[in-house]
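Note that the protein sequences, when read in sequence, are chains F and S.
Quick note: the first sequence, position 13, residue 13 per the working numbering, numbers continuous.
Quick note: the second sequence, position 344, residue 738 per the working numbering, numbers continuous.
Cβ coordinates follow ideal geometry from the N, Cα and C atoms, glycine included.
Since we're looking at a predicted model, the values are computed, not measured.
Protein chains: 2
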Amino acid sequence: MNSSIRAAVIGIGNMGSAHARFIHSGVIEGMHLTAVCDLLPERLAWAERELPGARRFSDVHSLIASGEVDAVIIAVPHPMHSLIAMEAMRAGLHVLCEKPLDIRLSLAKKAVQVGRETGKTFAVMLNQRTNPIFQRARTLIREGRLGEIKRSVWIITNWYRTQHYYDSGDWRATWRGEGGGVLLNQAPHNLDLWQWICGMPTEVTARCDTAVYHHVEVEDDATLLTRYANGATGCFITSTGEYPGTNRLEISGTRGKLVLEDGRLKSWLLKEDEKVVRFSSTQSSPEIPLDYAEWAPEEAPAAHAGILRNFANAILHGEPLLSPAQDGLNELTRSNAAYLSAWQGSTPVRLPMDESAFDRLLDDRQAASAGVRDARRAENEISGQYSDRWQVKW
Amino acid sequence: MNSSIRAAVIGIGNMGSAHARFIHSGVIEGMHLTAVCDLLPERLAWAERELPGARRFSDVHSLIASGEVDAVIIAVPHPMHSLIAMEAMRAGLHVLCEKPLDIRLSLAKKAVQVGRETGKTFAVMLNQRTNPIFQRARTLIREGRLGEIKRSVWIITNWYRTQHYYDSGDWRATWRGEGGGVLLNQAPHNLDLWQWICGMPTEVTARCDTAVYHHVEVEDDATLLTRYANGATGCFITSTGEYPGTNRLEISGTRGKLVLEDGRLKSWLLKEDEKVVRFSSTQSSPEIPLDYAEWAPEEAPAAHAGILRNFANAILHGEPLLSPAQDGLNELTRSNAAYLSAWQGSTPVRLPMDESAFDRLLDDRQAASAGVRDARRAENEISGQYSDRWQVKW
């Protein structure tokens with residue numbers, strides 16, 4: 001290993017162009033951009049202008065075999081994530097993969113296994129984990145301050161997207177090209193944070209509604225109901241068609257309630273355990289003493305830069321990964337389970353789920369998919385900048 | 395008709411004792427209390443002390459046939475509501491019935507039909523309709539200010555109750571004695587307001603969880619997912635086991651969003667129709683100009699007193715009913731459909747629903763029910779006062 005990681009970005013569309021320019025600008029200590037890879041000549045032309053010094057590849061296998069990179073950042077359409085990650089790790093490269101880890105849990109699991117076998121650093125871009133509000137909620141719950149969780153409800157409907165967005169990449173919003181809709185593209189951040197904070201459910205029931213708001217093949221509106229081992233329940237509501245949307249996570253437990261909204265963490269922490277009051281009170285509907293507090297972080301979250309720095313530090317200095325690929329499986333489990341539930345008439349899917357049943361039903365959808373949509377190409381939208389729309393919005 | 399309505403309260407437990415004392419105090423113009431009826435001697439003893447001048451009946455048929463009353467307020471356990479209402483209207487009496495109108499939609503419909511045939515004034519105690527916040531939300535939507543509704547989500551989990559509450563009446567929280575749990579006892583207010591503001595769905599899917607928090611026969615936690623004719627969806631989450639609970643109704647439409655919480659109506663009203671932006675914008679995730687406003691009423695809602703006055707004015711002066719019994723059917727349709735869905739493995743129930751299927755499955759539950767629970771009787775809780783726990787809490 002050189003003292004500075006030689007990094008390449010694979011896929012320099014909307015997201016990858018931002019990663020590439022960011023690394024190229026030299027702000028990630030211990031990492032510099034040596035190459036990019038894309039199928040589209042106009043993107044490589046953009047890279048020639050904007051990323052001087054970075055070698056340009058149009059073939060991913062050549063890039064991986066080139067010997068010129070130590071690590072790759074994968075930002076291609078979702079269905080290729082795990083395949084490229086496996087090839088890269090087997091060639092000795094470290095991998096930071098855009099979310100989701102794949103569209104199929106079955107394949108993502110294989111990739112994680114390859115990560116284990118090769119010992120390479122394998123992370124997933126769950127950049128919203130860098131937000132201090134989510135981190136603090138997680139800490140409070142892990143410290144038992146909320147007691148035993150009873151319910152969590154996340155209304156995350158501020159992923160508003162226009163038809164122009166769906167037309168901006170011809171792979172978008174098709175079963176073959178993208179592999180899913182809002183649950184696969186936008187909501188993975190929230191599905192991840194939800195389990196990171198509240199734990200994994202034992203059962204998922206979902207309603208996934210197709211093309212409610214847009215001309216797309218996939219769901220742009222979804223509701224998940226979950227169940228947990230302790231009997232707690234959860235509800236997750238998302239769409240890309242509401243404006244202004246809402247981002248509000250509420251978690252209630254035997255020791256109180258947390259609400260994350262408007263960029264603040266609001267907490268109601270009971271001075272007595274509600275469960276004790278429930279069975280000892282001689283009132284029907286008592287007031288239970290509590291402490292209310294609001295907290296907002298002073299600093300902006302480190303976002304994508306934070307994950308890139310953590311990835312570099314993990315490779316160079318063994319820093320623990322904030323978003324290890326392993327964790328990407330939990331998020332993907334829930335979106336795969338949600339699709340399976342919806343495709344089976346919104347019946348409950350027990351976890352661990354039957355991945356082969358999911359794969360077969362996805363195969364059917366992909367076989368019937370237009371694959372590449374008959375849409376105006378707007379790839380000139382490449383900005384090489386992180387967009388506000390990828391950050392936590394309240 | 396006398397110039398002042400001779401009113402009787404049937405059932406003077408927690409709720410009925412409050413109605414009786416309130417009418418007895420003379421604050422409902424045009425209505426005075428001439429009688430009460432209850433099976434329990436200790437309650438009649440209470441009435442003798444607290445309600446001088448009101449005749450006391452232990453038999454409801456004698457009261458109805460007495461010729462001494464023009465109108466009855468029914469506050470007995472839910473499974474008897476419609477039967478008593480029908481008997482009273484057929485005897486020529488006006489009826490104000492506590493919610494829900496019955497536990498069975500099939501029976502409530504018959505009662506509404508009797509109301510129609512007899513021409514008597516027939517209202518249901520949906521006292522939360524008097525709250526100006528709900529009234530204003532309804533007006534905004536009816537005026538089209540929100541455009542076409544896309545989604546509504548009501549988290550109404552601040553119906554917190556202790557075990558003591560369930561033990562306070564031995565009929566409570568049994569299938570035979572009460573006929574249901576939180577959906578039948580507490581949430582009817584919200585189920586009613588939800589349809590009053592957002593309209594009736596075409597389909598209900600529900601999860602009703604039994605005895606999650608309390609020693610009861612029925613559900614104390616429920617989640618409903620609904621679908622509407624225009625493709626909109628809804629979600630309704632309630633329990634009696636969370637503290638501090640939440641009361642937050644969010645409604646999103648093509649022209650913006652309303653949130654009712656913390657005693658305020660918050661509105662985001664778009665200056666352009668989102669649907670037009672969705673298909674004409676050349677941005678992926680544009681900002682749409684909007685007006686934000688918060689509104690809180692200056693006066694406290696009229697609550698139960700408002701419904702009692704409206705009932706009296708309807709009888710005496712033909713004032714339109716704020717909560718006609720007919721409207722109680724819509725609320726009951728949703729709770730009956732929710733139970734049916736839950737009992738059929740949380741499968742969707744189309745509306746209008748199969749009432750006989752519901753009745754058969756409820757019969758099964760009632761046959762297996764303890765009926766009267768083996769609980770300490772705490773009927774001395776009769777306060778003769780309206781409790782804060784019956785009002786809108788935020």
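Which chain F residues sit within Cβ distance under 8 Å of residue i?
| i | result |
| --- | --- |
| S/E644 | I155, T246 |
| S/L619 | R207, T223, L225 |
| S/L684 | P244 |
Using a Cβ-Cβ cut-off of 8 Å, state whether residue i counts as contacting chain F.
| i | result |
| --- | --- |
| S/I631 | yes |
| S/R601 | yes |
| S/K493 | no |
| S/S740 | yes |
| S/K660 | no |
| S/S562 | yes |
Rounded to whole angstroms, what is the Cα-Cα separation between residue i and residue j?
| i | j | result |
| --- | --- | --- |
| S/L659 | F/R136 | 29 Å |
| F/M353 | S/D586 | 38 Å |
| S/H413 | F/Y160 | 49 Å |
| S/I527 | S/L534 | 11 Å |
| S/G405 | S/A441 | 11 Å |
| S/R783 | F/S285 | 7 Å |
| S/A605 | S/H558 | 14 Å |
| S/K503 | S/N624 | 26 Å |
| F/W268 | F/G234 | 19 Å |
| F/A303 | F/P324 | 15 Å |
| F/I28 | F/R129 | 18 Å |
| F/S17 | F/P188 | 21 Å |
Please tell me whether residue i has its Cβ less than 8 Å away from any Cβ of chain S.
| i | result |
| --- | --- |
| F/P320 | no |
| F/L270 | yes |
| F/P286 | yes |
| F/V204 | no |
| F/R389 | yes |
| F/R151 | yes |
Anything in chain F within Cβ reach of residue i, meaning under 7 Å, just list it in chain order.
| i | result |
| --- | --- |
| S/L745 | In chain order: nothing, as chain F lies at least about 17 Å away. |
| S/Q677 | T162, H164 |
| S/K651 | P244 |
| S/K514 | Simply none; closest approach about 34 Å. |
May I ask you to list the residues that DSSP assigns as paired with residue i?
| i | result |
| --- | --- |
| F/V9 | F/V36, F/I73 |
| F/S267 | F/L258, F/A293 |
| S/E492 | S/M519 |
| F/G253 | F/I149, F/G256 |
| S/G628 | S/S546, S/T620 |
| S/E803 | For chain S, the structure presents residues 395 to 788; residue 803 of chain S sits outside this window and is missing. |
| S/M425 | S/I399 |
| F/S17 | F/S17 pairs with nothing; no bridge assigned. |
| S/P718 | S/A517 |
| S/S633 | S/D615 |
| S/N704 | DSSP lists no partner for S/N704. |
| F/N247 | F/I156 |
| S/F451 | S/C431 |
| F/R389 | F/R389 is not bridged to any residue. |
| F/V349 | F/V204 |
Note down, in chain order, every chain F residue with its Cβ under 9 Å from the Cβ of residue i.
| i | result |
| --- | --- |
| S/Y733 | Correct list: empty, because the minimum Cβ distance to chain F is about 17 Å. |
For residue i, return the contacting residues in chain S, with the cut-off set at a CB-CB distance below 8 Å.
| i | result |
| --- | --- |
| F/F279 | T556, Q557 |
In chain S, which residues lie with their C-beta within 7 Å of the C-beta of residue i?
| i | result |
| --- | --- |
| F/G231 | V606 |
| F/E274 | Y637 |
Does any heavy atom of the ligand FMN sit closer than 7 Å to the C-beta of residue i?
| i | result |
| --- | --- |
| F/G144 | Among the components of this structure there are no ligands whatsoever, and the ligand FMN is therefore not found. |
- Query: Which whole runs of the alpha helix (DSSP H) in the region 563 to 607 of chain S are 4 residues long or more, in chain order?
  - Reply: With a minimum length of 4 residues, the continuous alpha helix (DSSP H) runs that stay inside the region 563 to 607 of chain S are 576 to 579, 582 to 592.
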